[in-house]
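Chemist: Just so you know, we're using full-length UniProt numbering here: the sequence shown kicks off at 1 and counts up by one.
The beta carbon of each residue, even a glycine, is placed where N, CA and C say it ideally should be.
Below: one structure in structure tokens.
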Amino acid sequence: MTHIHKTIGALLLPIAVLISDYALAENQDCLNGYEFLKSQRKGDGIALPHTGLEMNSQYDTHQVCYRGKDVTQWAAGLGMEITSGSNGFFKNGTVAIVTAHERLEDGRGYWAGDYKAALILLRVDEETGELKRTMLATQKQDNDPTKTIEDFHLAGYDEFNKVVYFETPAFATASAIYSFPVFPVLQGEKPVLKYFGPGRIDFVMFDLGTSNASRNIGNVLVWRDEIFPDRGRDEVLYLINSAGKQICKVDSTDPGYRFNPVCINH
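Next comes the structure, spelled out in structure tokens:
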């Protein structure tokens, strides 16, 4: 793939607009959605109908639409199904990153592993308007089971540092988080996947206009499993910096913790 856009930096969007403009059902009528997007002057964009209402599920999608047509199966690949995606890297939505895994049959469960999964780039050719598909990554084995990539699920985007986060299963009860810079991918390079740490992402901080949130731009709220003598295994919320270093434990009982995280220890 050659150069995609001449002015990448000017076209990147903040996380707040990553959710698809028409959404909130398991399956959408792509044609109806296309008419809506055209009315918003976004008809040439890749639509990823949203399938979750919670902020930490904003990347959940099982469908890809382009110019009124359902192109989900083509985007996922033969025998695969879409599991997550983001189209918020350009203002016009002409680039998307999606994840897919094998559609299991015969009673097999994903917990057992041994299935195909992929990280995929979709982009609209600027000259022809044709939708292009590029395989970015597939599973990766490692001697450390927490660093073995069995599957992919987009979990966050750091708009300030232009970094994409995804999660993969690690053991039966936990996940591992990986990241990669998006600029090289948008310019045609393969992603350099970096292990970020254990846990699952709750929220990637961006500038929300509050002093505490501004101080935490690029930091990540992550749930991590811990064992307690009185209640066994439980999840604890931590604030982690963009390098993967733990900053503090966060008071998750505060309803505004995503916008004004309060450290309860250092």
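With DSSP as the reference, label Asn265 as helix, strand or coil.
Modeler: Here the question's residue 265 lines up with position 265 in the sequence shown. Here Asn265 sits in strand by DSSP.
Chemist: Counting pairs of beta carbons, one from the stretch 142 to 159 and one from the stretch 82 to 94, are three or more of them closer than 8 Å?
Modeler: Output reads yes: the stretch 82 to 94 touches the stretch 142 to 159.
Chemist: Roughly how many whole angstroms lie between the Cα atoms of Pro198 and Thr128?
Modeler: As a first step, residue 198 is located in the sequence shown; it is residue number 198 there, counting from the start. As a first step, residue 128 is located in the sequence shown; it is residue number 128 there, counting from the start. So the alpha carbons of these two residues sit roughly 42 Å apart.
Chemist: May I ask you to list the residues that DSSP assigns as paired with Leu119?
Modeler: Residue mapping note: residue 119 aligns to position 119 of the sequence shown, counting from 1. Answer is Thr99 and Ala137, bridged to Leu119.
Chemist: Can you tell me whether DSSP reads Gly256 as helix, strand or coil?
Modeler: Residue numbering aside, residue 256 sits at position 256 when the sequence shown is read from its first letter. It is coil, neither helix nor strand.
Chemist: Suppose you measure from the CA of Ala137 to the CA of Asp144; what does that come to, to the nearest Å?
Modeler: Taking the first residue of the sequence shown as 1, we reach residue 137 at position 137. Taking the first residue of the sequence shown as 1, we reach residue 144 at position 144. Approximately 19 Å, taken between the alpha carbons.
Chemist: Relative to the alpha-carbon of Ile240, which residue among Thr253, Ile264, Pro49 and Val204 has its alpha-carbon at the smallest distance?
Modeler: On the sequence shown, residue 240 is found 240 positions in, with the first residue counted as 1. The option with the nearest alpha carbon to Ile240 is Val204.
Chemist: Which of the three DSSP states, helix, strand or coil, is assigned to Glu81?
Modeler: Taking the sequence shown and counting its residues from 1, one reaches residue 81 at position 81. Strand, per DSSP.
Chemist: Per DSSP, Glu167 is paired with what?
Modeler: Position 167 of the sequence shown, counted from the start, is the residue given in the question as residue 167. Looking at the DSSP assignment, Glu167 forms a beta bridge with His153 and Ile177.
Chemist: Whose C-beta lies closer than 6 Å to the C-beta of Ile264 among residues of the same chain, with five residues either side of it excluded?
Modeler: What you label residue 264 is simply residue 264 of the sequence shown in a count that begins at 1. Counting only Cβ-Cβ distances below 6 Å, and skipping sequence neighbours, we find Lys249 and Asp251.
Chemist: With Asp44 and Val124 assumed to form a contact (beta carbons below 8 Å), what rounded beta-carbon distance in angstroms separates them?
Modeler: Locating residue 44 in the sequence shown gives position 44, counting from the first residue. Locating residue 124 in the sequence shown gives position 124, counting from the first residue. So it is a contact: roughly 6 Å between Cβ atoms.
Chemist: Work out the CA separation of Gly113 and Leu99 for me, nearest whole Å.
Modeler: Position 99 of the sequence shown, counting from 1, holds the residue named residue 99. Position 113 of the sequence shown, counting from 1, holds the residue named residue 113. The sequence shown places Thr at residue 99, rather than the Leu named in the question. About 16 Å.
Chemist: Would you say His101 and Met135 are within 8 Å of each other, going by their C-beta atoms?
Modeler: Along the sequence shown, one-based indexing puts residue 101 at 101. Along the sequence shown, one-based indexing puts residue 135 at 135. Their beta carbons are not under 8 Å apart, which means His101 does not touch Met135 by this criterion.
Chemist: With distances taken Cα to Cα, identify the nearest neighbour of Asp158 among Tyr257, Glu130, Ile46 and Gly88.
Modeler: Along the sequence shown, one-based indexing puts residue 158 at 158. Among Tyr257, Glu130, Ile46 and Gly88, the Cα nearest to that of Asp158 belongs to Gly88.
Chemist: Return yes when the Cβ of Leu119 is within less than 8 Å of the Cβ of Ala75, no when it is not.
Modeler: As a position in the sequence shown, residue 75 is number 75, starting the count at 1. As a position in the sequence shown, residue 119 is number 119, starting the count at 1. Contact: no.
Chemist: Could you pull the start and end residues of the alpha helix (DSSP H) that Pro184 belongs to?
Modeler: Here residue 184 is taken as the residue at index 184 of the sequence shown, counted from 1. Its alpha helix (DSSP H) spans residues Val182 to Leu186.
Chemist: Taking Glu35 as part of the alpha helix (DSSP H), name the residues at either end of that continuous run.
Modeler: The residue labelled residue 35 in the question sits at position 35 within the sequence shown. It spans Cys30 to Ser39 - the alpha helix (DSSP H) in which Glu35 sits, taken as one unbroken run.
Chemist: Taking the alpha-carbon positions, what's the Gln246 to Cys65 distance?
Modeler: Translated into the one-based positions of the sequence shown, residue 246 becomes position 246. Translated into the one-based positions of the sequence shown, residue 65 becomes position 65. Whole-angstrom Cα-Cα distance: 39 Å.
Chemist: Which class does Tyr242 belong to by DSSP, given the choice of helix, strand or coil?
Modeler: What you label residue 242 is simply residue 242 of the sequence shown in a count that begins at 1. It should be pointed out that residue 242 corresponds to Ser in this sequence rather than to Tyr. It is coil, neither helix nor strand.
Chemist: Identify which residue in Ile97, Arg108, Phe160 and Val185 has its Cα closest to the Cα of Leu48.
Modeler: Here residue 48 corresponds to residue number 48 of the sequence shown, with the count starting at 1. The option with the nearest alpha carbon to Leu48 is Ile97.
Chemist: Closest to Tyr115 by CA distance: which of Leu237, Ser214, Pro169 and Ile217 is it?
Modeler: Locating residue 115 in the sequence shown gives position 115, counting from the first residue. Selected option, being the one with the closest Cα: Pro169.
Chemist: Between Ala176 and Tyr195, is the Cβ-Cβ spacing less than 8 Å?
Modeler: Residue 176 sits at position 176 when you count from the first residue of the sequence shown. Residue 195 sits at position 195 when you count from the first residue of the sequence shown. Against a cut-off of 8 Å, the Cβ pair of Tyr195 and Ala176 comes out as a contact.
Chemist: Thinking C-alpha only, which one of Asn219, Ser179 and Ser242 is nearest Val192?
Modeler: One-based indexing of the sequence shown puts residue 192 at position 192. Out of Asn219, Ser179 and Ser242, Ser179 has the C-alpha closest to the C-alpha of Val192.
Chemist: If you compare alpha carbons, which of Ala243, Glu235 and Gly244 is closest to Thr253?
Modeler: Locating residue 253 in the sequence shown gives position 253, counting from the first residue. When each option's Cα is compared against that of Thr253, the closest is Glu235.
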